[in-house]
Amino acid sequence: MRWRFRSTSVRRRKPRGNHGFAPSRDFLRHAWVRLIVRRAFARADMTRKPMATYRGRKTDICRIVGYDIWGRPKSPASKRPYPLGQHGPNLKDRRQSEYGEQLLAKQVIRRYYNMLEKQFSNTFKKAQRMPGNTSLNFLRLLETRLATAVWRLGYARTPFQARQMVSHCHIMVNGRMVNIASFQLKVGDVVSVRDRESSRRIARDNHYEGAAVPAYMEADVQGFSGKIISLPEREDFPKFFQEQQVVEFYAR
41 MRWRFRSTSV RRRKPRGNHG FAPSRDFLRH AWVRLIVRRA FARADMTRKP MATYRGRKTD
101 ICRIVGYDIW GRPKSPASKR PYPLGQHGPN LKDRRQSEYG EQLLAKQVIR RYYNMLEKQF
161 SNTFKKAQRM PGNTSLNFLR LLETRLATAV WRLGYARTPF QARQMVSHCH IMVNGRMVNI
221 ASFQLKVGDV VSVRDRESSR RIARDNHYEG AAVPAYMEAD VQGFSGKIIS LPEREDFPKF
281 FQEQQVVEFY AR
């Protein structure tokens, strides 16, 4: 009697539902590469830190306050000094609570110096630990930031542009390149534009004659530099600052 062994080979069936489409080896390899790249970008987006600057419309801030906080003559807040929206004119004379007034005063100063809330509150905590008047120390810390000094010297037309110049490595402090906008300056520090044609061209294009250099700084227009000769006083800050309201806000 002969034993008949069944063949162990499996017959390959035609795939169903895809009309006989079989992905090639190159297609699978490219799909795997695309998956790896997509996951890498997704991981980068998860670990990416937010930019420490305001990316929205600056005119909205001025409309909420009722005036242009940066002193621009063509601001729409000069013609429409009331909040945005259909009911904006009715909200102009609305009575605010004590908390609302303190919050608005804080937001005005914070937006004026282009800072986020965490960095702004940390600066206030640092001013609380310093001896002397807390409100004046707080304003001095804000005014002696590197981005603010670049703006005051006239090498940037706005605080937003000044932050970008610092982060793009166009500014030097005491002969060394600094790309941190919140770098704290001291009396005697020299802030200068980097000695290269691209940096000098940007500072030359941004510089304008209307830039009022404050009394606590000494500017050298030909040398693209400036020096802090003293600490700023209360007269060097805008008159619409209500720093005491900010102190009461963080004391709650």
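Heads up, the final residue of the sequence shown is numbered 292 in the numbering used here, and it's a clean run with no missing numbers.
Every residue, glycine too, gets a C-beta built ideally from N, C-alpha and C.
Going along the chain, which residues of its own chain have a beta-carbon closer than 6 Å to the beta-carbon of residue i, five neighbours each way excluded?
i, result
"Arg-25", "Because residue 25 is not part of the residues shown, which for the chain are 41 to 292, the question remains open."
"Leu-182", "Tyr-153"
"Trp-110", "none"
Between residue i and residue j, how many whole angstroms is the CB-CB distance? I'm expecting something under 8 Å.
i, j, result
"Phe-264", "Leu-143", "Not confirmed; about 40 Å, so no contact."
"Ala-145", "Gln-282", "4 Å"
Give me the Cα-Cα distance between residue i and residue j, rounded to the nearest whole angstrom.
i, j, result
"Leu-176", "Asp-235", "35 Å"
"Met-86", "Arg-135", "For Met-86, the predicted model reports a pLDDT of 41, less than 50, meaning its position is unreliable and no value from the coordinates is stated."
"Lys-267", "Val-233", "12 Å"
"Arg-292", "Ala-252", "37 Å"
"Gln-284", "Glu-138", "13 Å"
"Trp-191", "Thr-198", "6 Å"
"Arg-169", "Pro-278", "24 Å"
"Arg-241", "Gly-140", "44 Å"
"Met-157", "Glu-237", "Strictly speaking, residue 157 in this sequence is Glu, with Met absent from that position. So the alpha carbons of these two residues sit roughly 36 Å apart."
"Ala-202", "Ser-239", "12 Å"
Specify the secondary structure class of residue i as computed by DSSP and reduced to three states.
i, result
"Asp-235", "coil"
"Gly-349", "No information on residue 349 is available, as it lies outside the stretch 41 to 292 that the chain covers here."
"Asp-245", "helix"
"Val-148", "helix"
"Lys-267", "strand"
"Val-230", "strand"
"Met-217", "strand"
"Ala-187", "helix"
"Ala-167", "helix"
"Ala-202", "helix"
"Gln-159", "helix"
"Gln-284", "helix"
"Glu-273", "coil"
"Thr-87", "With a pLDDT of only 44 at Thr-87, under the threshold of 50, the placement of this residue in the model should not be trusted, and no figure is reported."
Keeping to the same chain, check which residues put their C-beta closer than 7 Å to that of residue i; ignore five residues upstream and five downstream.
i, result
"Arg-180", "Leu-271 and Pro-272"
"Ala-167", "Thr-174, Asn-177, Phe-178 and Leu-181"
"Arg-88", "Reliability of the predicted coordinates at Arg-88 is poor, the pLDDT of 47 falling under 50, and the value obtained from them is presented with this limitation in mind. So no residue of the chain qualifies."
"His-247", "Gly-194 and Tyr-195"
"Phe-160", "Arg-150"
"Ile-211", "Leu-186, Val-190, Met-205, Val-218, Val-231, Val-233 and Arg-234"
"Arg-274", "Leu-176"
"Asp-260", "Gly-266"
"Glu-258", "Gly-266, Lys-267 and Ile-269"
Please name the residue, chosen from the options, that lies closest to residue i on a Cα-to-Cα basis.
i, options, result
"Ile-269", "Ala-255, Arg-192 and Gly-194", "Ala-255"
"Met-155", "Ser-137, Ala-187 and Pro-278", "Ala-187"
"Ile-220", "Ile-242, Arg-240, Ala-189 and Arg-244", "Ala-189"
"Gly-215", "Ser-207, Leu-225, Val-230 and Val-206", "Val-230"
"Val-213", "Arg-274, Phe-200, Gln-204 and Gly-228", "Gly-228"
"Ala-243", "Asn-162, Gln-204 and Ser-161", "Gln-204"
"Gln-224", "Gly-140, Val-206 and Asp-260", "Val-206"
"Arg-151", "Pro-171, Ser-238, Phe-200 and Asn-162", "Phe-200"
Excluding the five sequence neighbours on either side, which residues of its own chain have a C-beta within less than 8 Å of the C-beta of residue i, listed in chain order?
i, result
"Val-286", "Gln-142, Ala-145, Lys-146, Ile-149, Phe-164, Ser-175 and Phe-178"
"Ala-82", "Bear in mind that the predicted position of Ala-82 carries a pLDDT of just 49, short of 50, making it too unreliable to give a figure here."
"Asp-276", "Glu-183, Pro-254, Ala-255 and Tyr-256"
"His-208", "Asn-219"
"Lys-226", "Thr-184 and Ile-268"
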